[in-house]
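Same order as they appear, the protein sequences are chains A and B.
Under my numbering, think of the first position of the first sequence as 1, with each following residue one higher.
Under my numbering, think of the first position of the second sequence as 115, with each following residue one higher.
Think of the CB as a built atom: it goes at the ideal place given N, C-alpha and C, for glycine as much as any other residue.
Working notes, structure below.
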Amino acid sequence: NAGVTQTPKFRILKIGQSMTLQCTQDMNHNYMYWYRQDPGMGLKLIYYSVGAGITDKGEVPNGYNVSRSTTEDFPLRLELAAPSQTSVYFCASSHDGGAYQPQHFGDGTRLSIL
Amino acid sequence: KQEVTQIPAALSVPEGENLVLNCSFTDSAIYNLQWFRQDPGKGLTSLLLIQSSQREQTSGRLNASLDKSSGRSTLYIAASQPGDSATYLCAANDYKLSFGAGTTVTVRA
């Protein structure tokens, strides 16, 4: 079972560069999420999607963009990377938005902006 | 805004001891409370999900309680083993998950 797959696992960017973090799930889940986790902190929600074509901002959306053209994929785009975006990024999906079933998480992308 | 706090931030116990992990949240209007385990370099794995109408949930050696009115949940792990060493996070679900910073547990053999 693949579950939620994130690529790449590690990446180093220079300030001002852009990149896309990929996330795909094979569970046919409608809900998908992007979080960031900073050292010693809980996960913070960046963006989420309740279905293909529908996205919405979370708690910390500035500096990021998302799209959801298919049920399976939910890429996160960083434009003009800044040192403050150094973090571990997690993608998650769920069947029912967490009402009765927990979210399933990928293994994360560790991103450093230098 | 929902604020979730986990105390202590770290815990070290000898093998066989029972573990008690605490989680508090500020807004009691939640759908459920979820506990996750995170191993180094890995994502989160769901352990238990307690609905707001429930008082506790059990899975094997794990038991989680929920007191919504006081904004508290506790995760109990019985007879700890070195394999239980990990970071444990709780999250309050009021349509979106709000996470605590976690408790890092070390079980000494």
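- Between Y100 (chain A) and the set B:T218, B:G214 and B:N207, the nearest pair of CA atoms involves B:N207.
- The beta carbon of L43 (chain A) falls within 8 Å of a beta carbon belonging to chain B, placing the residue at that interface.
- In its chain, beyond the 5 residues on either side, R36, K44, L45 and I46 have a beta carbon closer than 8 Å to the beta carbon of V60 (chain A).
- The alpha carbon of Q171 (chain B) has as its nearest neighbour, out of B:K156, B:Y190 and B:D153, the alpha carbon of B:Y190.
- For F139 (chain B), none of the residues of chain A pass the 9 Å Cβ criterion, the least Cβ distance being about 11 Å.
- Partner residues in the beta bridge of A200 (chain B), as assigned by DSSP, are B:V219.
- Shown here for A82 (chain A): same chain residues with a beta carbon closer than 7 Å to its own, the five before and five after excluded, namely I15, G63 and I113 in chain order.
- Residue state for Q85 (chain A) is assigned as helix, using DSSP reduced to three classes.
- For the stretch 115 to 136 of chain B, the residues whose beta carbon sits under 9 Å from a beta carbon of chain A are, in order, K115, V118, Q120 and A123.
- Counted as a single uninterrupted DSSP element, the beta strand (DSSP E) harbouring M32 (chain A) occupies residues Y31 to Q37.
- At a cut-off of 8 Å between C-beta atoms, L147 (chain B) does not count as an interface residue with respect to chain A.
- At least one beta carbon of chain B lies nearer than 8 Å to the beta carbon of D107 (chain A).
- The CB of A99 (chain A) comes closer than 7 Å to the CB of Y145 in chain B, given here in chain order.
- Under the three-state reduction of DSSP output, K44 (chain A) falls in the strand class.
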